[in-house]
Amino acid sequence: MQRVKNETDTCVVLVAHNFAAVRRIPLKQYLNAVSDSKLFTSKGVAIVSGAAHGIGRQIALKLARDGYTLVLNDIDDLGSVIGETRALGSTAIPVQGDITLPTTIKALTDTIEGLKLPVSGLVNCVYRNDRAPFLDLSDENWLGTWETTFFSAVRTCRAIIPFMLLHRGGSIVNISSVHAVGSGERDFHAYDSAKAALNALTRSLAVEFGPEGIRVNDIMPGMIVVERNEEWWTSHAKEFEASAAAHALKRPGKPEEVAEAVSFLLSDAASFITGASIPVDGGLTAVLSDTTALTLAKARAAC
Ligand SMILES: NC(=O)c1ccc[n+]([C@@H]2O[C@H](COP(=O)([O-])OP(=O)(O)OC[C@H]3O[C@@H](n4cnc5c(N)ncnc54)[C@H](O)[C@@H]3O)[C@@H](O)[C@H]2O)c1
13 MQRVKNETDT CVVLVAHNFA AVRRIPLKQY LNAVSDSKLF TSKGVAIVSG
63 AAHGIGRQIA LKLARDGYTL VLNDIDDLGS VIGETRALGS TAIPVQGDIT
113 LPTTIKALTD TIEGLKLPVS GLVNCVYRND RAPFLDLSDE NWLGTWETTF
163 FSAVRTCRAI IPFMLLHRGG SIVNISSVHA VGSGERDFHA YDSAKAALNA
213 LTRSLAVEFG PEGIRVNDIM PGMIVVERNE EWWTSHAKEF EASAAAHALK
263 RPGKPEEVAE AVSFLLSDAA SFITGASIPV DGGLTAVLSD TTALTLAKAR
313 AAC
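Every letter in the sequence shown is one number past the one before it in my numbering, and letter 262, counting from 1, is 274.
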């Protein structure tokens, strides 16, 4: 956004829809009006954490196609995704670092301040999953999983929401999981509970910041094949078949399919959606509820 150096600068504007009148107004007033009325051709800035690989990477590519200026974070090298998003025409800036560290959050906010553009989107996509039977999970396992999966979102929201408040608008999407609402897999205690907390955070932020025009939602992906787990799934054909069959659509999802949902939630097309936890799971949770209902019905019939 252009900075107005001189308070007395003015500009000529065309007033009224039919451009019937011409008026000279202070430049600052004009820029504020343009900013408020969202007449910017750019979609503003969207921040994506965990953008180097998997779902976060596809989200970054989709948002680049949508026309956002991107600030991308990952603990890993971001060179490849930055190259691809720029090739799609996006201004993409890397902020490499561990998102659980205050120095990374500071680097994010410094970068955003430097852009002087409205911040319209934040996507929290990182996670950690220390898996073990409950009695074997140490404090370090619990705290590490919660730091990355839950508290990173607390910290990015605390840092980024003030930028959204400047223009009273914005959309936050937390990438949660079907594990927030179902614990079908063993040894996911820390991850399941951190994802459930993320859904609760989504709701409480939606309630607090709804009056300020900021929407907050989360997406609960089902089984998504990404680079990280592709090899494992390929070498475990039986598990793959069983997991795919558990979805109503009888297949796992693609990271691009999660990215489409994020793009929608960030857009004005989702203007009345906030505080929602939306499964993007090929019907996995629907099948689970169906199975639960059947089990209950059988148990009742047996009484
Ligand atoms: N893949 C699935 O089946 C699936 C299912 C449900 C939910 N999810 C959720 O989707 C999100 C993305 O998962 P994915 O499968 O794409 O994983 P992934 O491992 O492919 O990508 C995660 C990215 O986060 C980055 N990251 C991890 N810790 C970080 C940190 N402390 N700071 C900065 N970056 C960090 C990693 O380097 C990586 O690029 C996660 O929140 C995950 O819980 C995935």
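Even glycine gets a Cβ: it sits at the ideal position worked out from N, Cα and C. Computed from a predicted model, the values in this text were never measured in an experiment.
Q: Please list, in chain order, all residues of the same chain as F200 whose beta carbon is under 8 Å from its beta carbon, the five residues on each side excluded.
A: N141, R143 and H191
Q) What whole-angstrom Cβ distance do V57 and V131 have, given they're in contact under 8 Å? A) 5 Å
**Q.** Start-end ranges of the beta strand (DSSP E) lying completely within the segment 252 to 277, minimum 3 residues
**A.** none
Q.
Tell me the rounded alpha-carbon separation between E159 and D78.
A. 31 Å
Q.
So, for N186: in the same chain, excluding its five sequence neighbours on each side, which residues have a beta-carbon less than 6 Å away from its beta-carbon?
A. N136, A165, L210, T214 and D230
Q. Within 10 angstroms of its Cβ, does F221 collect 16 or more other Cβ (buried), or is it exposed?
A. buried
Q | Cβ-based burial, S189 [other Cβ within 10 Å; buried from 16] | A | buried
**Q.** Presumed contact (8 Å Cβ cut-off) between I87 and L134, rounded CB distance
**A.** No, I87 and L134 are not in contact; Cβ-Cβ is about 18 Å, not under 8 Å.
(Q) On the CB-based measure, 16 or more other CB atoms within 10 Å of its CB, does H248 come out buried or exposed? (A) exposed
Q | Exposed unless 16 or more other CB atoms sit within 10 angstroms - verdict on V83 | A | buried
Q: Report, in whole angstroms, the separation of the C-beta atoms of I59 and P233, which I expect to be a contact under 8 Å.
A: About 19 Å; that fails the 8 Å criterion.
**Q.** Close Cβ partners of S150 (< 8 Å) along its chain, the five nearest in sequence each way excluded
**A.** none
Q.
Could you check whether the Cβ of D199 sits closer than 7 Å to any heavy atom belonging to ligand 1?
A. no
Q. Taking the Cβ atom as the reference point for each residue, do V299 and A271 lie within a distance shorter than 8 Å?
A. no
Q) In three-state DSSP terms, what is M235? A) coil
Q. Helix, strand or coil for R180 per DSSP?
A. coil
**Q.** Selection from S92, Y139 and T81 that minimises the alpha carbon distance to L127
**A.** T81
Q) Could you give the residue range of the beta strand (DSSP E) that holds A104? A) A104 to Q108
Q. Under 7 Å from any heavy atom of ligand 1, does the C-beta of N241 make it?
A. yes
Q) Residues bridged to I187 by DSSP? A) I231
(Q) Considering only heavy atoms of ligand 1, does any lie closer than 7 Å to the CB of C169? (A) no
Q: Check whether the Cβ of N85 lies closer than 7 Å to any heavy atom of ligand 1, and answer yes or no.
A: yes
Q. Are the Cβ atoms of G295 and A273 separated by less than 8 Å?
A. no
Q) If you run the structure through DSSP and keep just helix, strand and coil, what is P223? A) helix
Q) Do you know how far the Cα of A72 is from the Cα of T97? A) 7 Å
Q: Count the other CB atoms, across all protein chains shown, that sit within 10 Å of the CB of K50; report buried if there are 16 or more and exposed otherwise.
A: Confidence at K50 is low in this model, with a pLDDT of 40, below 50, so its placement is unreliable and the value that follows should be read with caution. When all chains shown are included, K50 counts as exposed.
Q | Which residues DSSP lists as bridging S289, in chain order | A | D230
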